[in-house]
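Structure record follows, encoded as structure tokens.
Chains as they are written, first to last, in the working numbering: chain Y, 6 to 92; chain G, 6 to 246.
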């Protein structure tokens, strides 16, 4: 699945040695939730945000399905946004 | 894994809520709010909690993984962001947020009872108006499609998502959106097919990948997550390539 990404990124991450044991270790790490690795070794999407700049506005529905939250409505307050998933 | 963080953030919220501070949690569950709500309720969460089924927000921010965290100040400026591995149980992550909270902050004078919420209908209306002003904008069409699904206008939402896929077959956000509409209409196989298409276009997107697993094999994720199954599944998929 992520096999194609390894050779391309070999130079960018010289600390990684490409061998079967190494790949297996990475797979285990993935399963332990170290999904950061996935992001580092796959081209994926570029990061679109920058610290020090305005946070892009968005609207998301509340979990009760009745209302929505809009980031810009929090203006005047400090807010930590974190994301998670049930899986 | 991430569901275990909910009660830890709840404790953090109780400790700092009085410091002009809010938490907004956003679940990435394509299945919808219901599956996520089970866990926020069990954790006794009182901070605002939302769901981003079609990855609209994470497409906007460019996050291919979960969990992430970011901190926005009183003026709406991004002060901190960690992509992947952001964890309430990691002292480094918690310290980063507490450092930002150490500066004094005065809440603005708002009318009593203000709760940062707007109705689904209002959000839908706003999305409709935005698209009217710029009908060729596919991002606005996707936002409208998401709002339609949230407002339970699934058939219309489905058509909007389909029209975006026709114009841009490589839009993973449209394909994931299509899956949300199919799921609500009870068409699980079509939903999975749309998600597989999205996954093929963006193989590094771990969120879509795990979402396919959770929808296809719910028994391995609810009530308990079967790590061994995921390990085997990953090896199996690796073998097929």
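Beta carbons are placed, not taken as given, at the ideal position from N, Cα and C, and that holds for glycine.
7 Å Cβ cutoff, residue i in contact with chain Y
i	result
residue 79(G)	yes
residue 184(G)	no
residue 34(G)	yes
residue 16(G)	no
residue 49(G)	no
residue 25(G)	yes
residue 146(G)	no
residue 67(G)	yes
residue 1(G)	A question about residue 1(G) goes unanswered here, because the residues of chain G that appear run from 6 up to 246.
residue 154(G)	no
residue 111(G)	no
residue 169(G)	no
residue 86(G)	yes
residue 143(G)	no
residue 97(G)	no
residue 203(G)	no
Beta-bridge partners of residue i, as assigned by DSSP
i	result
residue 27(G)	84(Y)
residue 87(G)	74(G)
residue 74(Y)	65(Y), 122(G)
residue 56(G)	32(G)
residue 82(G)	59(Y)
residue 89(Y)	32(G)
Chain Y residues whose Cβ lies nearer than 9 Å to that of residue i
i	result
residue 237(G)	Chain Y residues near residue 237(G): none, gap ~10 Å exceeds 9 Å.
residue 11(G)	89
residue 123(G)	64, 72, 73, 74, 75, 78
residue 195(G)	Correct list: empty, because the minimum Cβ distance to chain Y is about 20 Å.
residue 74(G)	85, 86, 87, 88
residue 8(G)	89, 90, 91, 92
residue 61(G)	63, 64, 65
Cutoff 7 Å; reference residue i; Cβ partners in own chain excluding five residues on either side
i	result
residue 13(G)	93, 94
residue 125(G)	155, 156
residue 76(G)	84, 85, 102, 105
residue 79(G)	110
Proximal residues of chain Y, C-beta to C-beta of residue i below 7 Å
i	result
residue 165(G)	Near residue 165(G) there are no residues of chain Y at all, since even the closest Cβ is about 16 Å away, more than 7 Å.
residue 94(G)	Going along chain Y, no residue has its Cβ under 7 Å from residue 94(G), so there is no contact; the nearest lies around 11 Å.
Contact belief for residue i with residue j at Cβ below 8 Å, rounded distance in angstroms
i	j	result
residue 181(G)	residue 203(G)	5 Å
residue 152(G)	residue 136(G)	With a Cβ gap of about 10 Å, residue 152(G) and residue 136(G) do not count as contacting.
residue 186(G)	residue 200(G)	12 Å between Cβ atoms; not a contact.
residue 92(Y)	residue 218(G)	7 Å
residue 65(G)	residue 59(Y)	Rounded, the Cβ-Cβ distance is 13 Å, inconsistent with contact.
Own chain partners of residue i with C-beta closer than 6 Å, once the 5 adjacent residues on each side are dropped
i	result
residue 29(G)	53
residue 163(G)	186
residue 170(G)	179
residue 38(G)	56
residue 98(G)	91, 92
residue 61(G)	151
residue 53(Y)	none
Neighbouring residues, chain Y, relative to residue i (Cβ below 8 Å)
i	result
residue 218(G)	92
residue 215(G)	90, 92
residue 55(G)	65, 66, 67, 68, 73, 74
residue 128(G)	64, 66, 73, 75
Distance cut-off 6 Å: residue i Cβ against heavy atoms of the ligand MG
i	result
residue 82(G)	Because no ligand of any kind appears in the structure shown, any question about the ligand MG cannot be addressed here.
Sequence-distant residues of its chain with Cβ nearer than 8 Å to residue i (five each side left out)
i	result
residue 10(G)	72, 92, 93, 94
residue 168(G)	146
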